[in-house]
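Just so you know, we're using UniProt numbering here: the sequence shown kicks off at 1 and counts up by one.
Every residue gets a Cβ at the ideal spot worked out from N, C-alpha and C, and that includes glycine.
Being a predicted model, the structure only gives us computed values, none of them experimental.
The structure appears below as C-alpha cells.
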Amino acid sequence: MRSVFVRLSVLPSGVAVRLRAIPTGVEEGSPHELPLPALLSEYAALKDGEFSPRELRIRGLRAVRRQRWGKHLQFLALRCPSGEIIEAILRTDVTQLSSADEEALSWAAFQLGDALTVTGLVESCKGQLSIHPRLLAVEESWAALFHGGRYFDHQPPPALCTGSATRGTAMVQCAASHAVRLQEYLASVLSTATIAIVPPVPGADGKQVKRDERCLLLAAAHPAALCKAITADPHASRVVQRWYILSQQARTLDEAMRGLHQLLLARGATASAPLSVRAHAYPRALESKLVQQLRAAGVAELRQRCETLVSLVYSFGSFSYGVGEGACFQGDVCTAALAEDGAVSRAFYKLREVAARCALPLADRRHAIDVGSSPGGWTYFLAQSGCARVSSVDPGALHLPAAPCLAQVEHMRMRVGEALPILRERGVVLDCYVCDMNAEPAVAVGYLLEALSLLADASPVVLTMKNTFKKKPDFEQALEQALTQLNAVSDQDGFKIVHLLANTQKEVTVVGRLQHAVAVAA
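Here you go:
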C-alpha cells in the first residue's frame, strides 16, 4: 500500500473565494473509521459550510472520475461498493510520499479505478457532503489488477445502489450477443429477474479480446435449483457458458481472497486435506490470480471434476465471491447441451423456443404449412409436435431422420407461388403458417398474404424476418412496415417481435395469430 500525503491550504486569490479554509480546531486522536453509507447518514445533518468535528477515514473507495483545476486543485469522485458516491476535494501546493519525504509527486500517484482509503474532514455544501483528504492510500492498483486494462466508469444500476442485499446470489455468463435475449428469456420462462448485465474490462489481460462476453447478475434465492432449471431448459442451456455462485462482497481482491479462504475452511478444508475445487473468475483475467492464491493458501486443489466451485467476480467497482457444491455446477452448461444436439438444423430450436415462450399453439394442428422449409428443421418440429398433416414447401431437399411422425409430411418441391394454387384446388384449409425463408420482411409477409384464403381463423403464424440490408435503419423501417401489414390481419393481441436465443444477430422472429383471414382475403 503506498500513501500520498496532501498538505491542505487555502489557494491564492481566484480560487480561495470558492473554497473555504480548512478549520484548525479539529479534535485530536485517531481518525474515526466509517463505511461511506454510514458516514452519509451520520453527517447528513451538517449545516451548509460546516465541517465534521474530527477526521474520518473511509476504506475501499473506487476512484471513478477526476477533474483537474490547475496544478493545485482536483476534484475526485469516489464510489463505495454499494454504489454511493462522495466527492473528494484535493487542494495542495505540495504532494509528498510521506511526511518526511520532500520529493514532489505528481497526481499520477493514483489513477482511475484504484481502490483508495481516504482520511480527512467532511464538509457540507449545498446539501451535499464532500471530503477534504489529508491522506490518500492506494489499497489496490487498477493497473496491477488488470494488467493495464482500460477503466470505464460503468454506472451501477439503481438496484445495486440500495445495499449489498440486492447484489444477487448467482451469475451466468454468455456471449455478448445473447445477453439481453437471455435476460428476457429467463424473466419470461423461468421467472428469474436480472439485476444487472455486467460489462467486461477491455484489455484486462493485456491482450486483444478474443471473446466478447457478458454476465447476468441474477436474483436467485436458491442458486443450485436455478442452475438445475437452466441446465434442464433446452433453450437457455445452449447459450449459458459459465456459472458463478456469489454470497459475499469485498472491496478489494485481497479482501475477497481472505473471505474465500474462510469459506473453504468452513467447508472442512485443511492443509493436510485440501478440497478439490474448480475456479471460475470474471473477467477471466482474474482467474490466474484466483488459482495462484488458492494454491498458495494450501487448502484447495484445482480439478475439473470437483467437490466445490469457487467463484470470484469483479463488477461495478467491487468484488463478489462465493462457493457452491461442485456437483451442481459441473462444467460449462452450453458444452453439455450442444453435445446432445441431434436436431435436423439450428432452425429447429427457433420454433421449439417459440412454442415454449410465446403461448402460441403450434402442437396438434390439423394441417400446417412450412414455407421455405429446407433442410427441414421446422417441418420436423411440427410433425414431432403432433400435427396431423404438414405441407413442406421448398425446391430444396429435406434432410429428415427416419421417424414414424414424418409419414404425415408432404414435401412440395416447388416454389410457394406454385404450391398455393395446388392447395386451393384440393380445397385445403390450413390452420398453422410458419416461414423461415431467407428473405427480407416484405417478401415473407407477401407470401403469408397470398396464403390468407387458405388459412382458418385464429391460425398461429411464425415468420423469421431476415436483415438483408446494409444499414440497420433500413431493416428497422422494413420491419415496421411488415408489422403494419400483419397487424391488419391479426387478432386483438397483434403480432410481436421476439429476438429468440436461437436467432442469429441478423434476424428476428415475428409471432401472432390471424383473425378473419378468409374474409380479409376476399
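Requested in this report: Would you kindly check if the distance between the Cβ of leucine 61 and the Cβ of leucine 78 is under 8 Å?
Outcome: yes
Query raised in the report: What first and last residue would you give for the beta strand (DSSP E) that runs through tryptophan 69?
Result: Here tryptophan 69 belongs to no beta strand (DSSP E), and DSSP marks it neither H nor E.
**Report entry** CB of glutamate 507 within 8 Å of CB of lysine 466, strictly
**Finding:** Taking 8 Å as the Cβ cut-off, glutamate 507 and lysine 466 qualify as a contacting pair.
Query raised in the report: Which two residues bound the contiguous alpha helix (DSSP H) that contains lysine 289?
Result: That run of the alpha helix (DSSP H) goes 287-297.
Query raised in the report: Can you give the Cα-Cα distance for glutamine 384 and alanine 347, rounded to whole angstroms?
Result: For the pair glutamine 384 and alanine 347, the Cα-to-Cα distance works out to about 14 Å.
Report task. Mind reading off the beta-carbon distance from histidine 154 to proline 81? Whole number of angstroms is fine, and I expect it under 8 Å. Result -> Not really, about 14 Å apart at Cβ, beyond 8 Å.
Requested in this report: Can you give me the Cβ contacts of isoleucine 85 inside the same chain, cut-off strictly under 8 Å, excluding the 5 residues immediately before and after it?
Outcome: Apart from sequence neighbours up to five positions away, the residues of its chain that approach isoleucine 85 with a beta-carbon distance below 8 Å are Val64, Ala77, Leu78, Arg79, ordered along the chain.
Query raised in the report: Should phenylalanine 152 go down as buried or exposed, given a rule of 16 or more other Cβ atoms within 10 Å for buried?
Result: The residue is exposed, with fewer than 16 neighbouring Cβ atoms inside 10 Å.
Query raised in the report: Contact between the region 135-150 and the region 107-122: three or more CB pairs below 8 Å?
Result: Proximity of the region 135-150 to the region 107-122 meets the contact definition, three or more beta-carbon pairs being nearer than 8 Å.
Query raised in the report: Whole beta strand (DSSP E) runs in the region 472-519 with 3 or more residues, listed along the chain?
Result: 496-498, 507-513
Requested in this report: Use the C-beta contact count for alanine 451: other C-beta atoms within 10 angstroms, 16 or more gives buried, fewer gives exposed.
Outcome: buried
Query - alanine 300 - containing beta strand (DSSP E), residue span - result: 300-302
**Report entry** Inter-residue Cα distance where the pair is valine 434 and threonine 468
**Finding:** 19 Å
Query raised in the report: Would you call proline 401 buried or exposed, if buried means 16 or more other Cβ atoms sit within 10 Å of its Cβ?
Result: exposed
Query raised in the report: What residue from Met437, Cys358, Arg57, Ser41 has the CA that sits closest to serine 374's CA?
Result: Met437
Query raised in the report: Is the distance from the Cβ of leucine 217 to the Cβ of methionine 257 below 8 Å?
Result: no
Query raised in the report: When the Cα of histidine 72 is compared with those of Gly83, Ile89, Cys432, Arg214, which residue comes out closest?
Result: Ile89
Query raised in the report: Mapping DSSP to helix, strand and coil, what is tyrosine 282?
Result: strand
Query raised in the report: If you pair each beta-carbon of the region 364-371 with each one of the region 425-433, do three or more pairs fall below 8 Å?
Result: yes
Report task. Would you kindly work out how many angstroms separate the C-alpha atoms of serine 177 and glycine 322, rounded to a whole number? Result -> 27 Å
**Report entry** Where the alpha helix (DSSP H) containing arginine 357 begins and where it ends
**Finding:** 347-357
Query raised in the report: So what does isoleucine 197 bridge to, in DSSP terms?
Result: Leu216.
Query raised in the report: For alanine 182, which beta-bridge partners are listed by DSSP?
Result: The identity of residue 182 in the sequence shown is leucine, whereas the question assumes alanine. Paired residues: none, contrary to the question.
Requested in this report: Less than 8 Å between the CB atoms is what I'm expecting for arginine 267 and glutamine 304, so what's the real figure, rounded?
Outcome: With 8 Å as the limit, arginine 267 and glutamine 304 do not qualify as a contact, their Cβ atoms being about 19 Å apart.
Query raised in the report: Should proline 395 be labelled buried (16 or more other beta-carbon atoms within 10 Å of its own) or exposed?
Result: exposed
**Report entry** Length of the line joining the Cα atoms of serine 318 and alanine 221
**Finding:** 21 Å
Report task. Count the other C-beta atoms from every protein chain shown that fall within 10 angstroms of the C-beta of glycine 494, then say buried if there are 16 or more, exposed otherwise. Result -> Glycine 494 should be labelled exposed.
Report task. Could you pull out every unbroken alpha helix (DSSP H) segment of at least 4 residues lying fully inside the region 404-484, listed in chain order? Result -> As far as the region 404-484 is concerned, its whole alpha helix (DSSP H) runs of at least 4 residues are 416-425, 441-450.
Report task. Quick one: residues in its chain with C-beta nearer than 8 Å to the C-beta of leucine 420, no 5 flanking neighbours on either side, listed in chain order? Result -> Cβ within range, chain order: Glu450, Ala451, Leu454.
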